[in-house]
Amino acid sequence: MDIEEQSRLKKEEENATNPKISRYWIQRYDLFSMYDDGIQLDEEGWFSVTHEEIAIKHAERCRGKVVIDCFSGVGGNTIQFAKVSSSVIAIDINPERVKMAMNNAKVYGVANNVDFIVGDFFQLAPSLKGDVLFLSPPWGGPNYCKVDSFKMGMLQPRDGYSLFKIVQSITPNIIMYLPKNVDLAQLEELTFLSSPPLTFEIEENCIGGKIIAITAYFSRNAA
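Counting with our numbering, you get residues 938 to 1160 for the letters of the sequence shown.
Below, the structure written as structure tokens:
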């Protein structure tokens, strides 16, 4: 056994026994089906990456389009978008996470279809152009599920209303991936930040028969 393999096995043992990660590590093949081929995640990546099955559904809505993944993290959604879209712009403020996303895209053989950018989405927004904008902003960590109703103000690094005002100036075609307990009335309010109001569709995202998240699809045209 070489040193690299020993290091990998040690890291896997750490992930399996780390109380903050173990529950997600058990689901590693649901997060990345090619996990054993060299996928890289940090602690935040483990609990924030989209399950691959759900990311595939998001991507199907973007076939042939230019997609902007505003908070791309370790690249779960970026990879699936890159498989079917015209091109992907993947943005994250954390340079180490961008390196992981680049590595993971290479594992899936789609890195050439992605422009990876290390930067602050809010600073970059005025210069961005794309057909579809994907939003999976930080939910504030795993504790989001401890509240009865997840409010727009709980999104990070800015509240959902401020965030939506910025993204709708880029494109009206917006996908938001949100906690299962998100306040649906507040989510609908986002449609009225545009004139005329955007149409939107709610999708319950299930894994193993259980709802784990909500996806909202916004557009200018009726579904």
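All C-beta atoms, glycine included, are put in the ideal place defined by N, C-alpha and C.
Three-way DSSP call (helix, strand, coil) for residue i in this model
i, result
"C1143", "strand"
"D973", "helix"
"I1045", "Position check: residue 1045 holds Tyr in this sequence, whereas Ile was assumed. It is coil, neither helix nor strand."
"T1152", "strand"
"T1128", "helix"
CB of residue i within 8 Å of CB of residue j, strictly
i, j, result
"F1155", "P1109", "yes"
"Y1098", "T1152", "no"
"S1023", "V1003", "yes"
"C999", "F984", "no"
"I1111", "V1119", "no"
"D939", "I1144", "no"
"V1035", "F1053", "yes"
Enclosing beta strand (DSSP E) for residue i [first to last residue]
i, result
"L1070", "1069-1072"
"M1113", "1111-1116"
"I1005", "1003-1006"
"F1053", "1051-1055"
Own chain residues within Cβ distance below 7 Å of residue i, not counting five before or after
i, result
"T1015", "D1006, S1009, V1025, A1027, A1038, A1042, V1051"
N- and C-terminal bounds of the alpha helix (DSSP H) containing residue i
i, result
"F919", "No information on residue 919 is available, as it lies outside the stretch 938 to 1160 that the chain covers here."
"S1022", "Here S1022 belongs to no alpha helix (DSSP H), and DSSP marks it neither H nor E."
"D967", "965-968"
"V1104", "1097-1104"
Same chain, Cβ closer than 6 Å to residue i, neighbours up to 5 away in sequence not counted
i, result
"G1013", "V986, T987, A992"
"I1030", "D1057"
Chain-order list of residues whose beta-carbon lies under 8 Å from that of residue i (same chain, five-residue window excluded)
i, result
"E1033", "D979"
"A1062", "I1103, V1104, S1106, I1107"
"W1076", "S985, F1087, M1091, L1092, Q1093, L1115, P1116"
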